[in-house]
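Quick notes on the structure that follows.
Numbering (the working numbering), first residue to last: 25 to 141.
Structural data, given as structure tokens:
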């Protein structure tokens, strides 16, 4: 991107529109996959002698988060082996920066919807 000029060129604007559309569609599929996994687990557990509550939606979010984190660090998402510890530290620092800026440093507007869109 052209950082010296705040006005986007037509090509930059096209790129931004495509990028936003693709990211939105990707996240919608990820959220749907997590919802489907939680529903599938709940449905399949009904036919067993399992008496506890089925895994919550947040459990599946956590599983995806951990596996994607390891994948992003270059490790094996099934065994959690390998990966670049320096890159992992940078990613964790980025997460801390998000917490500091958006969760702690920013005011949450009353009635703001926290659900993924």
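Backbone N, C-alpha and C fix where the C-beta goes; we use that ideal spot for every residue, glycine too. Note that the structure is predicted; figures quoted are calculated from it, not measured.
Any 3 or more C-beta pairs closer than 8 Å across the segment 37 to 50 and the segment 69 to 79: no
Would a C-beta distance cut-off of 7 Å place residue 112 and residue 97 closer than the cut-off? yes
To the nearest angstrom, how far is the alpha carbon of residue 38 from that of residue 30? 15 Å
Proximal residues to residue 26 (C-beta, below 6 Å), its chain only, five neighbours per side dropped: For residue 26, the predicted model reports a pLDDT of 48, less than 50, meaning its position is unreliable and no value from the coordinates is stated.
Beta-carbon gap between residue 65 and residue 78 smaller than 7 Å: yes
For residue 26, does the three-state DSSP call read helix, strand or coil? Residue placement at residue 26 cannot be trusted, given a pLDDT of 48 that sits under 50; the coordinates are not used to answer.
Within the continuous alpha helix (DSSP H) that includes residue 104, where are the two ends? Note, residue 104: premise wrong, no alpha helix (DSSP H); not H, not E.
6 Å Cβ shell around residue 108 - same chain, five flanking residues per side excluded: 97 and 98
Suppose contacts are defined by Cβ-Cβ distances below 7 Å. Is residue 84 in contact with residue 62 by that definition? Cβ distance < 7 Å, so residue 84 and residue 62 count as in contact.
Whole angstroms are fine: how far does the CA of residue 90 sit from the CA of residue 120? 16 Å
Roughly how many whole angstroms lie between the Cα atoms of residue 57 and residue 82? 13 Å
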